[in-house]
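The block underneath contains the structure these notes are about, expressed in structure tokens.
Number of protein chains: 4
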Amino acid sequence: MREDINEKCAVVGIFGHEEASKLAYFSLHSLQHRGQEAAGISSSDGKKLHTIKDRGLVMRVFNEDKLETLSGSSAVGHTRYSTAGDDSILDAQPVFARYDLGEMAIVHNGNLTNAEEVRNQLIEKGAIFQTFMDTENLIHLIAKSSKNKLVDRIVDAVQKIEGAFSLVFLSRTKMFAMRDRFGFRPLSLGRLPNGGYIVASETCAFDLVGATFVRDVEPGELLIFEKDKAPQSIKVFEATPKHCIFEYVYFARPDSTVFGQSVYQMRKNMGKELSKIEPIEADVVIPVPDGGVPSAIGYSQASGIPYEMGIMRNHYIGRTFIEPTQEMRDLKVKMKLSPMIDVIKGKRVIVVDDSIVRGTTSRRIIRMLKEAGASEVHMRVSSPPTTDPCFYGVDTPSKDKLIAANMTNQEICDYIEADSLAYLDEDSLLRSVNSTVSEEKYCTACFTGKYIV
Amino acid sequence: MREDINEKCAVVGIFGHEEASKLAYFSLHSLQHRGQEAAGISSSDGKKLHTIKDRGLVMRVFNEDKLETLSGSSAVGHTRYSTAGDDSILDAQPVFARYDLGEMAIVHNGNLTNAEEVRNQLIEKGAIFQTFMDTENLIHLIAKSSKNKLVDRIVDAVQKIEGAFSLVFLSRTKMFAMRDRFGFRPLSLGRLPNGGYIVASETCAFDLVGATFVRDVEPGELLIFEKDKAPQSIKVFEATPKHCIFEYVYFARPDSTVFGQSVYQMRKNMGKELSKIEPIEADVVIPVPDGGVPSAIGYSQASGIPYEMGIMRNHYIGRTFIEPTQEMRDLKVKMKLSPMIDVIKGKRVIVVDDSIVRGTTSRRIIRMLKEAGASEVHMRVSSPPTTDPCFYGVDTPSKDKLIAANMTNQEICDYIEADSLAYLDEDSLLRSVNSTVSEEKYCTACFTGKYIV
Amino acid sequence: MREDINEKCAVVGIFGHEEASKLAYFSLHSLQHRGQEAAGISSSDGKKLHTIKDRGLVMRVFNEDKLETLSGSSAVGHTRYSTAGDDSILDAQPVFARYDLGEMAIVHNGNLTNAEEVRNQLIEKGAIFQTFMDTENLIHLIAKSSKNKLVDRIVDAVQKIEGAFSLVFLSRTKMFAMRDRFGFRPLSLGRLPNGGYIVASETCAFDLVGATFVRDVEPGELLIFEKDKAPQSIKVFEATPKHCIFEYVYFARPDSTVFGQSVYQMRKNMGKELSKIEPIEADVVIPVPDGGVPSAIGYSQASGIPYEMGIMRNHYIGRTFIEPTQEMRDLKVKMKLSPMIDVIKGKRVIVVDDSIVRGTTSRRIIRMLKEAGASEVHMRVSSPPTTDPCFYGVDTPSKDKLIAANMTNQEICDYIEADSLAYLDEDSLLRSVNSTVSEEKYCTACFTGKYIV
Amino acid sequence: MREDINEKCAVVGIFGHEEASKLAYFSLHSLQHRGQEAAGISSSDGKKLHTIKDRGLVMRVFNEDKLETLSGSSAVGHTRYSTAGDDSILDAQPVFARYDLGEMAIVHNGNLTNAEEVRNQLIEKGAIFQTFMDTENLIHLIAKSSKNKLVDRIVDAVQKIEGAFSLVFLSRTKMFAMRDRFGFRPLSLGRLPNGGYIVASETCAFDLVGATFVRDVEPGELLIFEKDKAPQSIKVFEATPKHCIFEYVYFARPDSTVFGQSVYQMRKNMGKELSKIEPIEADVVIPVPDGGVPSAIGYSQASGIPYEMGIMRNHYIGRTFIEPTQEMRDLKVKMKLSPMIDVIKGKRVIVVDDSIVRGTTSRRIIRMLKEAGASEVHMRVSSPPTTDPCFYGVDTPSKDKLIAANMTNQEICDYIEADSLAYLDEDSLLRSVNSTVSEEKYCTACFTGKYIV
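Chains as they are written, first to last, in the numbering used here: chain W, 1 to 453; chain F, 1 to 453; chain X, 1 to 453; chain R, 1 to 453.
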């Protein structure tokens with residue numbers, strides 16, 4: 001239901017399977033929640049790379065004929081999120097390049113914080129940039145590196161970039177997976193039933209293709225996939241984990257294991273912690289579907305207040321261009337969500353959501369619950385107030401649009417018309433994911449402003 | 001998730017609102033779950049009827065321009081389900097006719113059991129039939145009635161038909177709503193904010209347009225809507241309620257009130273009753289989403305066994321024409337549903353679904369849960385074994401395809417590879433909906449074979 | 001290029017070929033110029049009729065799967081023209097009906113002049129009408145006829161209707177082709193390579209499917225196609241030919257033979273006759289493509305003035321919704337037609353078109369030629385002034401929109417900004433088609449107002 | 001009708017008009033015949049370049065909203081032809097780049113003969129190539145040039161490339177138009193009604209937007225467009241004209257003036273010359289539409305043999321996926337072209353086409369004419385035998401597919417089943433375009449193998 005904060009991408013790599021592009025296709029479908037604007041796959045048949053990418057959902061971009069074109073036993077794939085209105089097909093991935101060592105394709109999940117600087121240096125030296133993607137920096141750095149071997153050039157290149165990157169590189173004969181030293185964005189390694197390998201942003205991509213989870217690609221690690229060899233590991237950077245905690249809060253699919261832990265369990269833990277923050281008497285705990293479901297279940301289990309399905313999500317949403325009549329209020333939310341009147345009427349309701357970004361949706365939901373007869377509505381948010389934008393690969397509104405950056409909790413509570421409002425604090429959020437503030441394993445910058453310098 | 005048993009239609013009528021067709025449009029969108037193949041609206045501007053109908057979802061069939069064509073202050077609408085492969089646009093509704101009293105449009109939810117017989121009689125008298133819809137009988141019967149007034153002709157006509165019918169008729173100046181004496185299919189009356197009226201298959205259509213529930217159209221009742229008058233009621237038949245209990249089990253939206261009771265509460269009750277049937281020790285109760293969610297919540301609340309989200313539903317489903325690789329098993333189910341491994345692994349799992357029709361999906365789900373590591377899987381079904389086809393407006397497979405008509409419970413349990421299987425029995429199902437076998441308020445023919453003669 | 005006067009339909013029937021619906025499909029494609037709005041085919045497999053019809057061009061409506069559904073060795077097909085804005089799919093043909101003798105499908109090219117009267121009589125007797133097509137009258141008349149055999153009922157029915165009709169009827173085992181006594185609209189009989197039969201609106205449909213022309217269905221004749229028999233002929237009406245002369249002027253494809261004569265030759269003859277009307281000195285004769293091409297060739301051959309391609313037709317037209325800039329005049333015409341400046345500049349130009357209906361297009365074309373540098377532009381029209389609307393199956397604007405009904409020739413000449421304007425007169429038009437006024441073989445009502453009573 | 005030899009592209013540039021992208025849009029529509037696979041426009045608002053490009057026809061790629069995005073008073077546009085199967089959107093133009101001087105967009109019609117060599121040199125120096133277009137070389141050469149001003153860099157860059165190029169460059173404040181020294185591909189300069197400028201591949205683009213022809217961009221000339229200045233001219237290369245004579249034979253639109261002469265007149269001249277080559281008695285001269293129309297008119301005028309429309313082109317073509325029946329021969333040609341039986345039957349027919357590439361279409365056409373009853377069919381081709389592939393921007397089949405490279409004229413005549421066959425020879429072709437072999441103003445390599453070294 002979040003329309004205001006979004007993961008930007010998913011990546012996948014397949015190595016050592018006769019139907020590599022088909023496996024990439026199904027994996028990308030499982031990762032569709034991380035990006036719906038564009039999708040692309042590059043494959044290598046050992047001699048040549050083949051690339052197809054286009055706007056649209058994975059299932060729309062590819063068909064049998066196109067997948068057959070993408071021949072070969074290795075492939076990398078990408079799905080992409082984009083801000084509304086920008087429909088430049090040029091900015092879809094994989095990014096492909098011919099260069100002095102041959103051909104390569106790169107897929108990237110993340111955001112480079114020194115992209116502008118690197119780009120300007122490259123341009124000064126005569127480079128041209130044909131897209132607006134950070135990733136284009138990487139192919140230039142690799143092409144211009146003075147090293148002879150691709151692996152050394154990749155090491156060279158990633159040492160010049162800063163920020164968040166989970167990358168998969170495809171050359172004609174090899175595949176490389178790399179994660180920044182902080183491990184901001186997830187990247188996991190799996191084994192295919194036939195002995196080949198898969199790397200993917202989330203483990204939920206493994207299940208569909210029958211792969212088994214091996215381990216995460218480590219922060220700062222470069223994995224090299226070569227024919228008839230086990231993946232080799234190079235520690236490019238000392239790992240200093242700063243995993244994006246918002247993956248647990250909202251982005252990752254609940255059936256994935258990211259950063260070594262079950263997303264669903266982390267969310268349930270958040271709900272349990274949340275039940276301890278400003279505990280309140282109520283008749284029912286209900287989630288804002290689907291994001292709030294696991295934490296609402298956790299809240300209910302910890303508090304003993306019954307869990308109910310108080311809001312229904314309509315599966316036939318879609319954009320209408322028909323103007324409502326003047327009597328039809330909050331149409332946009334109501335077409336997606338309906339209140340279960342019998343659950344809510346006359347009840348004291350605790351409604352659990354994963355986060356509040358702008359506050360407008362929360363306000364419409366609470367208004368809807370009150371109209372449905374709730375005697376009290378207590379908003380509980382399974383993360384801290386979102387106060388700061390992300391620079392590590394998440395699309396966030398600017399600070400002036402983040403309600404928690406501009407209002408006190410009480411003001412927000414008034415604005416969203418709730419009877420009470422409580423958030424998780426940083427401590428309890430970290431406790432939910434089995435960490436602590438002192439341990440500093442997670443990036444919480446969007447809640448705390450503590451950016452990694 | 002049911003692909004094997006389906007409600008056939010939804011109807012709506014709007015009377016006394018300047019934007020009648022727009023309200024019909026939004027109402028039909030709320031009723032989309034009752035039929036996704038075709039949609040149509042007829043409106044009356046007092047002098048002439050206007051009809052647009054086409055294949056596809058409500059949002060696809062209509063746009064601003066088309067709704068403007070559908071001018072006038074009254075309108076009837078329809079959404080239609082259809083068996084795969086049959087794409088006759090001719091069989092979309094409303095059914096429109098010019099006849100001796102002018103013009104009329106009819107929308108129909110249900111199925112006439114004497115349709116063939118009536119049709120043959122009409123054909124013998126020189127009538128022609130241009131579609132394969134039962135509803136065409138009605139317009140012939142009305143046109144051929146010897147009565148002078150439309151209302152009398154409607155009474156005449158409905159006395160000649162048998163079976164299930166929730167009907168809305170539109171003439172140039174009036175609207176009529178009629179329900180068969182058994183009240184098989186639901187039909188509710190609501191009040192629009194501006195004083196006009198709405199009738200609709202389910203009350204969930206009321207919320208979006210701001211209408212308030214007044215009461216159900218009674219079994220056997222004909223409601224007449226006329227300008228500047230309160231709706232008049234004629235009791236055409238003695239009411240002998242035989243409401244379709246499957247509306248509670250699966251068809252109706254959980255946020256609707258049908259047959260006077262909350263669908264969600266009825267489903268929770270079923271789950272509670274189910275927990276008493278062959279109670280079993282287990283670690284978690286999980287639903288097959290979305291149909292099993294309310295009953296699983298009820299089961300959990302009654303049994304004290306924790307409710308968990310053990311299966312995730314993927315919102316990006318859609319048809320793929322890509323063949324899976326040979327290692328990819330049960331692709332069709334896995335693209336829609338994924339197991340939450342951490343919830344299931346090593347656990348004794350009770351999985352709750354609303355019904356088992358053919359058994360193939362249940363088998364795939366249970367296999368998926370076992371592969372995810374469940375130590376035991378106990379299937380619990382919140383309705384009795386589905387043993388008999390429906391003749392009252394529901395699309396069911398033929399008897400030889402209904403697993404429960406051909407296997408014992410133990411055989412089914414073996415087939416679906418569950419550790420145990422239990423259904424609600426007729427008594428407990430009726431108890432869930434606050435009824436009893438002796439009271440006979442519901443049609444349970446699909447479970448009992450007790451058809452209304 | 002005519003946007004203002006249009007043939008309404010084409011019909012085709014195939015009898016005695018294993019791939020009847022496929023032959024109907026390709027035939028309809030050849031007849032696409034007679035109707036682009038909707039297309040449909042009904043086939044019979046001996047036991048049952050199958051119908052598919054939809055909006056759009058023939059090639060869009062059908063695909064391999066759909067044609068396979070239309071099994072059987074006989075089929076009838078239809079393409080339909082419609083006035084803009086009316087997109088009622090209900091009004092596509094074939095019209096299908098189940099009635100006391102079984103099933104039938106009808107396709108109709110023409111217009112019934114007593115349709116309203118017949119319809120009202122039928123409605124008084126209790127009939128219902130579900131579409132706005134005249135053709136629906138026919139199925140009612142057949143169904144209600146007291147005769148026992150279908151052939152007798154068809155005779156019965158067509159005796160009750162008046163106006164223009166070229167009809168093909170399909171029953172489960174037979175096919176019937178019928179033409180009104182005046183033979184307003186064309187209908188020809190052909191022989192398929194395998195021994196089966198085809199009837200079609202124009203002979204151009206024969207070529208593609210390899211059929212050979214046999215003869216026209218006669219005015220007033222009913223042809224009966226039955227298995228293993230030669231077609232039987234019944235003279236239902238005395239033939240009193242009044243063929244639509246506009247078929248020669250504009251509608252029919254130039255490669256067709258209609259009413260026993262080559263359309264292309266008739267058009268060339270018109271051009272030749274035209275060269276005798278107000279002969280004028282000029283440098284070049286150019287057609288308005290494509291309608292004016294044959295008559296311009298005829299004009300050139302008779303006058304000795306060189307034929308040139310003075311206006312080019314753009315094949316990439318299509319609707320644009322982009323507003324032109326204020327400097328771009330007459331965009332609509334210029335996107336379709338471009339002047340050949342080198343042919344026109346400084347030349348005295350005779351431009352030949354088939355007819356002038358509203359006059360607006362002629363004005364734009366002449367203005368375009370003048371802007372391209374023509375020193376003189378003489379408009380020559382290969383038919384008389386169009387002064388009266390058609391009631392026999394052609395879509396014409398109302399009389400107040402027909403420029404020749406409201407202006408003198410001189411006024412029209414001034415309006416279209418031509419240096420001179422001449423039309424064919426009735427005599428010379430009839431002479432072109434090897435007829436005379438006294439012979440009265442053709443309907444010239446649109447030029448003369450002489451309607452057949 | 002040519003499916004076997006194709007112009008590869010069209011370019012357009014607009015400078016100094018508030019609605020530059022709109023003018024580019026309409027101009028590209030006029031140039032659609034030069035490329036139907038993809039279309040694109042870049043505009044400059046003075047500060048930033050905006051680019052939209054996509055697969056499909058011009059009218060499909062752009063809409064009002066997109067054109068509004070392309071703000072600014074200068075714009076360059078491109079349409080692109082592509083060999084079947086290759087649908088890489090990456091290879092659409094304009095090619096855009098950010099580089100050390102800012103931003104630029106380039107459109108290119110032509111083909112670089114040293115592209116591979118230049119690319120390898122650039123790659124050796126660390127450049128990366130992201131597409132497979134020759135044009136990418138240019139932006140690298142410009143970016144890497146040591147000169148300070150863009151104009152000098154362009155001069156630098158074009159001196160390093162060889163082959164055919166008509167180019168338009170757009171920077172934030174200027175536009176540049178450049179043509180190779182041979183002037184292989186056309187490029188003309190026009191004046192907009194408001195005082196701004198247009199450059200376009202063909203003058204037919206001028207008419208629609210109201211521009212007037214000024215002159216051709218000269219071979220070897222670079223034109224610089226700057227605000228409030230007349231275009232400045234730099235002679236980069238000594239002009240040594242080698243215009244592509246196939247522009248006259250087939251590619252250019254007949255209403256265009258290219259290389260200083262009317263395309264239509266040149267084609268008529270070819271027909272006149274052709275009538276002198278192996279003159280033959282015949283009853284009619286007919287063109288293969290549309291390519292052969294002007295030369296057939298010329299042939300008729302010179303020979304006195306009447307010009308007739310002997311083959312009709314169907315405007316409702318489009319791809320069908322329906323298999324013909326076994327009796328339906330040559331379906332592919334017959335769906336596009338139909339014989340006018342009355343023109344052909346029993347006649348000695350001269351059929352004129354612009355060229356014969358593979359010979360298969362000619363064979364089908366002649367067979368069709370014979371089946372229609374032609375007593376003799378004499379094929380006349382208004383160009384010499386096509387024996388050699390083009391390396392200057394035209395898509396030709398490989399030499400082994402060119403029938404004239406592999407058969408004698410007599411063998412071709414036998415293959416295509418003609419009664420006689422004659423081509424223009426080089427001399428008469430050059431004479432048609434007012435040139436001579438000794439003058440060497442035209443590239444005739446596809447007919448002679450005389451490539452420019």
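Yeah, the Cβ is synthetic: ideal placement off N, Cα and C, and Gly gets one too.
Per DSSP, the beta-bridge partners of Phe129/X are Arg98/F. Per DSSP, Met335/X lies in no beta strand (DSSP E) segment; the continuous alpha helix (DSSP H) that holds it begins and ends at 331-336. The beta carbon of Tyr392/F lies closer than 7 Å to those of Gly110, Asn111, Gly163, Ala164, Phe184, Cys244, Cys443 in the same chain, with the five residues before and after it left out. The Cβ of Gly373/R sits no closer than 8 Å to any Cβ of chain X. Taking a beta-carbon distance threshold of 8 Å, Gly13/R does not count as an interface residue toward chain X. For Cys9/R, the nearest beta carbon of chain X is not closer than 8 Å to its own beta carbon. Secondary structure of Met340/X (DSSP, three-state): coil. Of all residues in the stretch 329-347 of chain X, the ones placed with a Cβ closer than 8 Å to any Cβ belonging to chain R are Arg329, Leu331, Lys334, Met335, Ser338, Pro339, Met340, Ile341, Asp342, Val343, in chain order. Taken through DSSP and simplified to helix, strand or coil, Asn111/F comes out as strand. Of all alpha-carbon atoms in Ala200/R, Ile106/R, Thr408/R, Gln32/R, the one lying nearest the alpha-carbon of Phe169/R is that of Ile106/R.
Among the residues of the stretch 207-229 of chain X, those with a Cβ less than 7 Å away from any Cβ of chain R are Asp207, Leu208, Val209, Gly210, in the order of the chain. Listed in chain order, the non-local C-beta contacts of Ile305/F below 6 Å within the same chain comprise Ala282, Val285, local neighbours out to five positions each way being set aside. Residue contact with chain R for Cys446/X: absent (no Cβ-Cβ distance below 8 Å to any residue of chain R). Not a single CB atom of chain X sits nearer than 8 Å to the CB of Asn269/R. The C-beta of Gly195/X has fewer than 16 other C-beta atoms within 10 Å across all chains shown, which makes the residue exposed. Using a CB distance cut-off of 8 Å, Phe321/F counts as an interface residue toward chain W. Using a Cβ-Cβ distance cut-off of 8 Å, the stretch 115-126 of chain F and the stretch 88-102 of chain F are not in contact, since fewer than three pairs of beta carbons, one from each stretch, lie closer than that value.
The beta carbon of His17/X sits closer than 7 Å to those of Leu23, Ser73, Leu192, Asn194, Gly196, all from its chain and outside the five residues before and after it, given in chain order. In this structure the stretch 393-404 of chain F does not lie against the stretch 328-347 of chain F, because fewer than three pairs of beta carbons, one per stretch, are closer than 8 Å.
As summarised for the stretch 243-324 of chain W, the continuous beta strand (DSSP E) elements at least 3 residues long and confined to that stretch are 284-287, 311-313, given in chain order. Between Ser21/W and Leu57/W a beta carbon distance of about 17 Å is seen, past the 8 Å cut, so the two are scored as non-contacting. Interface annotation, Met59/R: in contact with chain X, CB-CB separation under 8 Å.
Pairwise C-beta distances place the stretch 170-178 of chain X in contact with the stretch 214-230 of chain X, as three or more of them are shorter than 8 Å.
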